[in-house]
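The structure under discussion appears below in the form of structure tokens.
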Amino acid sequence: MRFRRRRRGTTHTAGAFLRVLVVALVTLLGTSTAAASAPGARAPVRARIVGGEQVVRGQVPWVVALTDVAGRQFCGGALVAVDRVVTAAHCTMDPASGRARPPRDLRAVVGRKDLRSPQGRTVRVAHVRRPADYEHFTRGSDVAVVTLAEPVDLPTVDMVRQGETAPYRPGVTGTVYGWGRTGESAPAAAVLRSVRLPVMADSACERAYTTFDETEMFCAGYPEGGRDACTGDSGGPFVVRGRLVGVVSYGSGCARAGFPGVYTRLAHYADEMSER
Numbered sequence: 016m017r018f019r020r021r022r023r024g025t026t027h028t029a030g031a032f033l034r035v036l037v038v039a040l041v042t043l044l045g046t047s048t049a050a051a052s053a054p055g056a057r058a059p060v061r062a063r064i065v066g067g068e069q070v071v072r073g074q075v076p077w078v079v080a081l082t083d084v085a086g087r088q089f090c091g092g093a094l095v096a097v098d099r100v101v102t103a104a105h106c107t108m109d110p111a112s113g114r115a116r117p118p119r120d121l122r123a124v125v126g127r128k129d130l131r132s133p134q135g136r137t138v139r140v141a142h143v144r145r146p147a148d149y150e151h152f153t154r155g156s157d158v159a160v161v162t163l164a165e166p167v168d169l170p171t172v173d174m175v176r177q178g179e180t181a182p183y184r185p186g187v188t189g190t191v192y193g194w195g196r197t198g199e200s201a202p203a204a205a206v207l208r209s210v211r212l213p214v215m216a217d218s219a220c221e222r223a224y225t226t227f228d229e230t231e232m233f234c235a236g237y238p239e240g241g242r243d244a245c246t247g248d249s250g251g252p253f254v255v256r257g258r259l260v261g262v263v264s265y266g267s268g269c270a271r272a273g274f275p276g277v278y279t280r281l282a283h284y285a286d287e288m289s290e291r
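Next comes the structure, spelled out in structure tokens:
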């Protein structure tokens, strides 16, 4: 599976200077295994769903936890085939060095709602693909396909089709899944949680984030805040009517008023993600 290099649009930004400024602020404030804190990025901590609820066992068996070799969870993902997981590209990068994590350093935990339990299994990663032009989660291309070393016997989730727009209309409600904090300073969760969020208008996203690109991203949440994905939920699925339409990418803090969460618009990459 190859991601094609694409030409970036500029209508959504305030110019190259602002892009450099955002990245510089991220560097100054620090990064983490999930995402970084800046005006347009999440706080540098593992996190979980804010304002949501625990998932019923067996409800979404295709939700995957990404961990390091020691079993520390730092991102989520979705099983789209028996041997492939879709997640965020920044989840496959080492936040300390900025380099790609070797597949040998990644694990996928499948079939497990409570990360403390022996349910399901832990699977090694054979290969990781991300767009060739991925640089930083605030600049788009924040998607990756993780190929497992062996297939798993679990249900998978259907993906949105290339070029679809209906799932991204303002007001459409989706569900986000993840393990992490229930607030910016809350402890990490062990049990999978979910929260339902409405898609917001692109104009609201553009007001909140100067780097927002409506061709590759969408945002979801409430103007008053209160419910959101949070850092560490990165890469986790955003599902509309049973189909995977986005993955958690970035945001400013967690569930803050005026700053909805930003998600990768998977309809922009669907064909490339489906390739072997």
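Residue numbers (the numbering used here): 16 to 291.
Glycine included, every Cβ here is placed at the ideal spot set by N, Cα and C.
A distance below 6 angstroms between beta-carbons, with the five flanking residues on each side excluded, links Leu121 to the following residues of its chain, in chain order: Val140. Per the coordinates, the alpha-carbon of Cys90 lies some 11 angstroms from the alpha-carbon of Val262.
A straight line joining the alpha-carbon of Pro133 with that of Thr171 spans about 21 angstroms.
Taking all protein chains shown into account, Asp83 has fewer than 16 neighbouring C-beta atoms within 10 Å of its C-beta and is therefore exposed. A straight-line Cα-Cα distance of about 18 angstroms links Glu290 and Tyr149.
Annotation: the continuous beta strand (DSSP E) that includes Ser209 extends over Arg208 to Pro213.
Residue environment analysis places Val71 among the exposed positions, since fewer than 16 neighbouring C-beta atoms fall within 10 angstroms of its C-beta.
Contact between Tyr192 and Gly251 holds, since their C-beta atoms are separated by about 5 angstroms, short of 8 angstroms. Per the C-alpha coordinates, the member of Val75, Asp248 and Ala216 positioned closest to Ala235 is Ala216. Assignment of beta-bridge partners to Met232 by DSSP yields Thr279. Contact between Thr279 and Ser264 holds: CB atoms are separated by about 5 angstroms, below the 8 angstroms threshold.
Positions of the alpha helix (DSSP H) runs, each at least 4 residues long and wholly inside the segment 119-192, cannot be given because no such run exists.
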